[in-house]
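Here is the structure we will look at, set down as structure tokens.
2 protein chains.
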Amino acid sequence: MRLTTFILGAAAGGGFPQWNCNCDVCRLAWAGDPRVKPRTQTSIAVTTAPNESSSPGDAPFVLINASPDLRQQIVATPALQPRGLRMSPIAAVVLTGGEVDQTAGLLTLRERGPFALYGTAGTLSTLAANSIFGVLAADVVPRKAVHPGSPFALPGGIEAELFLVPGKTPLYLEGDNPELEAETDANVGIELRANGARLVFIPGAARLTAAMATRLAEADVVLFDGTLFSDDEMIAAGAGVKTGRRMGHMPVGGPDGALAALAGLGRRRILIHINNTNPILIEGSPQRRTVEAAGFEVAEDGMRIDL
Amino acid sequence: MRLTTFILGAAAGGGFPQWNCNCDVCRLAWAGDPRVKPRTQTSIAVTTAPNESSSPGDAPFVLINASPDLRQQIVATPALQPRGLRMSPIAAVVLTGGEVDQTAGLLTLRERGPFALYGTAGTLSTLAANSIFGVLAADVVPRKAVHPGSPFALPGGIEAELFLVPGKTPLYLEGDNPELEAETDANVGIELRANGARLVFIPGAARLTAAMATRLAEADVVLFDGTLFSDDEMIAAGAGVKTGRRMGHMPVGGPDGALAALAGLGRRRILIHINNTNPILIEGSPQRRTVEAAGFEVAEDGMRIDL
Chain A
6 MRLTTFILGA AAGGGFPQWN CNCDVCRLAW AGDPRVKPRT QTSIAVTTAP NESSSPGDAP
66 FVLINASPDL RQQIVATPAL QPRGLRMSPI AAVVLTGGEV DQTAGLLTLR ERGPFALYGT
126 AGTLSTLAAN SIFGVLAADV VPRKAVHPGS PFALPGGIEA ELFLVPGKTP LYLEGDNPEL
186 EAETDANVGI ELRANGARLV FIPGAARLTA AMATRLAEAD VVLFDGTLFS DDEMIAAGAG
246 VKTGRRMGHM PVGGPDGALA ALAGLGRRRI LIHINNTNPI LIEGSPQRRT VEAAGFEVAE
306 DGMRIDL
Chain B
6 MRLTTFILGA AAGGGFPQWN CNCDVCRLAW AGDPRVKPRT QTSIAVTTAP NESSSPGDAP
66 FVLINASPDL RQQIVATPAL QPRGLRMSPI AAVVLTGGEV DQTAGLLTLR ERGPFALYGT
126 AGTLSTLAAN SIFGVLAADV VPRKAVHPGS PFALPGGIEA ELFLVPGKTP LYLEGDNPEL
186 EAETDANVGI ELRANGARLV FIPGAARLTA AMATRLAEAD VVLFDGTLFS DDEMIAAGAG
246 VKTGRRMGHM PVGGPDGALA ALAGLGRRRI LIHINNTNPI LIEGSPQRRT VEAAGFEVAE
306 DGMRIDL
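Those protein sequences? They're chains A and B, same order as listed. With the numbering used here, letter number 301 in the first sequence gets 306, and the count goes up by one each step, no holes. With the numbering used here, letter number 243 in the second sequence gets 248, and the count goes up by one each step, no holes.
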């Protein structure tokens, strides 16, 4: 295998269903309707291991983002379970931002398990300002700042590169007038390369820049922001007062949505980071059919991508 | 019903099995051995609702501690699921300390769901020093400092009282020489009273004081620190370098353990906050039989206690 990716979680912040929500889509999930599959919050695990065997000596895993549901995700994924007395195959975590749904799972990785933690200087300074992340002791979890645009080596022979993606700072750091489409190191995407395979992961994007489009064109797989189908979806559902763009996410549908912007880019396009209000979560819905007709897939927990 | 308690999670920090652990007890859990039941991290939900119906108008729920597994716990507990479009029955959360396994679940309760958050001044100042908890906006989640020893009213007609319990500050705030049996507001227990019923919850105790013993004697149910069976259990398992006492937890067994100290106190005694190395997790083990012979129960996820 050249590069294997496990989708540990495919939902946006809050997960699907969301703890306090009974919107039309969540209601199906609470009722166990077979047209929808529950999803935990977005995180992926990548490896160059030849198979799912858990025998010692297998290649390590790298997590991209650590969702609040990480403990549940590890329990559901045999390949991520410990191999020795205290030996997890998780050798590194890379953060693409400092939001709760990207970082809270770091708190699950306490208990003195060694791994390397990568992120931009901005994201690591957000962690440093929150003492609770001190449960990851510096002597076992080194924090390594990486520059967007500079490739770096990850365990297992994976080459990675962070790159700027228009977005915003984490919600809990917003001021009164947050910049919504800033290209800063608060929000990045990641490209992963191994043995000639290329996967690009962009869980949050306010828009697609020309540089991003060039990068995606070369990718074998693109995992892209599928938060909302329509910009005003949460407002229409009575589930919130914010548009998608206010949250730093471009919509999936419409003339300036992801389906239009990514048309023809990459060999395989998969929407991820899907909000609980998004009707593409419902198999057979008009929006789901639109997505599929445009040649996009909808990520779900437990998906495995072998390149 | 006078006072109903749901055990949402019964494990200590890290849960059972723990992400990076293959000790003798965790190994049974990873293998699906029927003698052990997986457990999420300790949190309980209390209510005075007459039944489990989720129809609008039912009494609210109060959570005691918000474990990192809270999203999974809500999904597993129909009574805690939303009743209206955006209306959770969770009306309040009370913290007994600022450890990760007591607070990280607050991050799950974001998305502008209103509830009241109670804790000691010390615990609330720990939260305030970590900006990530700012996802709980002050206009929807008021934070209310309560004094140990002063009763206060919770939603649903529940009266509560925090009280000092010997313990220590959260791990991530430890200095070089943490005081291990301090009676400060960093670590408290809680007594809950409704309609004449009394439940006492003490998930962490370095020792039992005379004042605690007096309080427990009057209780219908005591939920008490069952972290480790033996003080050196983690060292013997090769799973760590700390004793239980170093972590602020008295052992279950032995001449100065919880079984001896609590003998005859309270009408029903249940051990909770059980570490993944603790052999009382194995049904039929000698330590489990010792606990049961002493008149104690072992908490598990999904237990319901009706008083």
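The beta carbon of each residue, even a glycine, is placed where N, CA and C say it ideally should be.
Cutoff 8 Å: Gly259 (chain B) Cβ touching any chain A Cβ: For this step, residue 259 (chain B) is matched to residue 254 along the second sequence. Judged by the 8 Å Cβ criterion, Gly259 (chain B) is not in contact with chain A.
Within-8 Å CB hit, Thr113 (chain A) to chain B: Counted from its first residue, the first sequence places residue 113 (chain A) at position 108. Interface residue, yes.
Limits of the unbroken beta strand (DSSP E) element including Gly124 (chain A): In the first sequence, residue 124 (chain A) corresponds to position 119, counting from 1. Run containing Gly124 (chain A): Ala121 to Gly124, per the beta strand (DSSP E) assignment.
Min CB distance Ile49 (chain A) to chain B below 8 Å: Here residue 49 (chain A) corresponds to residue number 44 of the first sequence, with the count starting at 1. The beta-carbon of Ile49 (chain A) is placed no less than 8 Å from the nearest beta-carbon of chain B.
Interface residues of chain A facing Ser136 (chain B) [CB-CB closer than 7 Å]: Your numbering for residue 136 (chain B) matches position 131 in the second sequence. Those are Ala134, Asn135, Tyr177 and Leu178, listed as they occur along chain A.
Boundaries (first-last residue) of the beta strand (DSSP E) holding Leu228 (chain A): Taking the first sequence and counting its residues from 1, the one referred to as residue 228 (chain A) is at position 223. Unbroken beta strand (DSSP E) run through Leu228 (chain A): Val226 to Asp230.
Pair within 8 Å by beta-carbon distance, Ile69 (chain B) and Val30 (chain B): The residue given as residue 69 (chain B) occupies position 64 in the second sequence. The residue given as residue 30 (chain B) occupies position 25 in the second sequence. Not a contact, by the Cβ cut-off of 8 Å.
Chain A contact for Arg212 (chain B) (CB, 8 Å cutoff): By 1-based counting over the second sequence, the position of residue 212 (chain B) is 207. No, because no Cβ of chain A sits closer than 8 Å to the Cβ of Arg212 (chain B).
Buried/exposed call for Arg40 (chain A), threshold 16 Cβ in 10 Å: By 1-based counting over the first sequence, the position of residue 40 (chain A) is 35. With fewer than 16 Cβ atoms within 10 Å of its Cβ, Arg40 (chain A) is classed as exposed.
For Gln23 (chain B), the three-state DSSP class (helix, strand or coil): Taking the first residue of the second sequence as 1, we reach residue 23 (chain B) at position 18. DSSP places Gln23 (chain B) in coil when its eight states are reduced to three.
Of the listed residues B:Glu164, B:Val227 and B:Lys149, nearest to Pro156 (chain B) (C-alpha basis): Along the second sequence, read from residue 1 onward, the residue named residue 156 (chain B) stands at position 151. Residue B:Glu164 is the option with its Cα nearest to Pro156 (chain B).
Short CB-CB distance (under 8 Å) between Ala97 (chain B) and chain A: Translated into the one-based positions of the second sequence, residue 97 (chain B) becomes position 92. So, not an interface residue.
Alpha-carbon spacing of Thr108 (chain B) relative to Gly102 (chain B), whole angstroms: Mapped onto the second sequence, residue 108 (chain B) falls at position 103. Mapped onto the second sequence, residue 102 (chain B) falls at position 97. Whole-angstrom Cα-Cα distance: 8 Å.
Cβ of Gly161 (chain B) within 8 Å of any chain A Cβ: Stepping through the second sequence from its first residue, residue 161 (chain B) is reached at position 156. No, Gly161 (chain B) lies away from the interface with chain A (no Cβ there is under 8 Å from its Cβ).
Backbone CA spacing between Ser48 (chain B) and Ile12 (chain B) [nearest angstrom]: For this step, residue 48 (chain B) is matched to residue 43 along the second sequence. For this step, residue 12 (chain B) is matched to residue 7 along the second sequence. Looking at the two C-alpha atoms, the distance is approximately 7 Å.
With 16 other Cβ atoms within 10 Å as the buried cut-off, status of Pro291 (chain A): Taking the first residue of the first sequence as position 1, residue 291 (chain A) is located at position 286. Its Cβ having fewer than 16 others within 10 Å, Pro291 (chain A) is exposed.
Cα-Cα separation, Pro284 (chain A) to Glu116 (chain B): Here residue 284 (chain A) corresponds to residue number 279 of the first sequence, with the count starting at 1. Here residue 116 (chain B) corresponds to residue number 111 of the second sequence, with the count starting at 1. So the two alpha carbons sit approximately 19 Å from each other.
Test item: CB-CB of Gly258 (chain B) and Ser235 (chain B) under 8 Å: Counting from one through the second sequence, the residue named residue 258 (chain B) turns up at place 253. Counting from one through the second sequence, the residue named residue 235 (chain B) turns up at place 230. Cβ distance < 8 Å, so Gly258 (chain B) and Ser235 (chain B) count as in contact.
Partner residues on chain A for Ser93 (chain B), Cβ-Cβ distance less than 7 Å: Start at 1 with the first residue of the second sequence, and residue 93 (chain B) comes out as number 88. Result: Trp24 and Asn25.
Contacts that Pro87 (chain A) makes with chain B (C-beta to C-beta distance below 8 Å): Here residue 87 (chain A) corresponds to residue number 82 of the first sequence, with the count starting at 1. By Cβ distance, chain B contributes Trp24, Asn25, Cys26, Asn27, Cys31 and Trp35.
The ligand SAH heavy atom lying under 7 Å from the CB of Ala97 (chain B): Looking for the ligand SAH in the displayed structure turns up nothing, as the structure carries no ligands at all.
Chain A contact for Gln77 (chain B) (CB, 8 Å cutoff): In the second sequence, counting from the first residue as 1, residue 77 (chain B) sits at position 72. By this cut-off, Gln77 (chain B) is an interface position.
Where the stretch 228-248 of chain A meets chain B: residues whose CB sits under 7 Å from a CB there: Gly243 and Ala244
Burial state of His278 (chain A) (16 or more Cβ within 10 Å): Reading the first sequence from its first residue, position 273 is the one you call residue 278 (chain A). Around the beta carbon of His278 (chain A), 16 or more other beta carbons sit within 10 angstroms, so the residue counts as buried.
Local conformation of Gly89 (chain A) per DSSP, three classes: Working through the first sequence from its first residue, we reach residue 89 (chain A) at position 84. Here Gly89 (chain A) sits in strand by DSSP.
Given 8 Å, three or more beta-carbon pairs between the stretch 13-25 of chain B and the stretch 72-85 of chain A: yes
Within the stretch 103-147 of chain B, ranges of the beta strand (DSSP E) (whole runs, at least 3 residues): 121-124
Contact set for Pro147 (chain A): own chain, Cβ-Cβ below 6 Å, skip 5 residues either direction: Residue numbering aside, residue 147 (chain A) sits at position 142 when the first sequence is read from its first letter. Ala121.
Element boundaries [beta strand (DSSP E), containing Arg274 (chain B)]: As a first step, residue 274 (chain B) must be located in the second sequence, where it is residue number 269. Residues Arg273 to Ile277.
Residue from B:Arg309, B:Pro83 and B:Thr295 with nearest C-alpha to Leu204 (chain B): Translated into positions along the second sequence, residue 204 (chain B) becomes position 199. Residue B:Arg309 is the option with its Cα nearest to Leu204 (chain B).
Pick from B:Glu166, B:Gly231, B:Thr248 and B:Asn280 that is closest to Glu302 (chain B), judged by C-alpha positions: Here the question's residue 302 (chain B) lines up with position 297 in the second sequence. With distances taken between Cα atoms, Glu302 (chain B) lies closest to B:Gly231.
Short CB-CB distance (under 8 Å) between Gly20 (chain A) and chain B: Within the first sequence, numbered from 1, the residue matching residue 20 (chain A) stands at position 15. Interface residue, yes.
Three-way DSSP call (helix, strand, coil) for Ile95 (chain A) in this model: Along the first sequence, read from residue 1 onward, the residue named residue 95 (chain A) stands at position 90. In this structure, Ile95 (chain A) counts as strand in the three-state DSSP scheme.
Tyr177 (chain A) versus Ala143 (chain B) - alpha carbon distance: Locating residue 177 (chain A) in the first sequence gives position 172, where the first residue counts as 1. Locating residue 143 (chain B) in the second sequence gives position 138, where the first residue counts as 1. About 12 Å.
For Leu76 (chain A), three-class secondary structure by DSSP: Your numbering for residue 76 (chain A) matches position 71 in the first sequence. In the sequence under discussion, the amino acid at residue 76 (chain A) is Arg, which differs from the Leu named in the question. Helix.
Closer than 8 Å to chain A by CB, Gly124 (chain B): Stepping through the second sequence from its first residue, residue 124 (chain B) is reached at position 119. Chain A, which has no Cβ nearer than 8 Å to the Cβ of Gly124 (chain B), makes this no.
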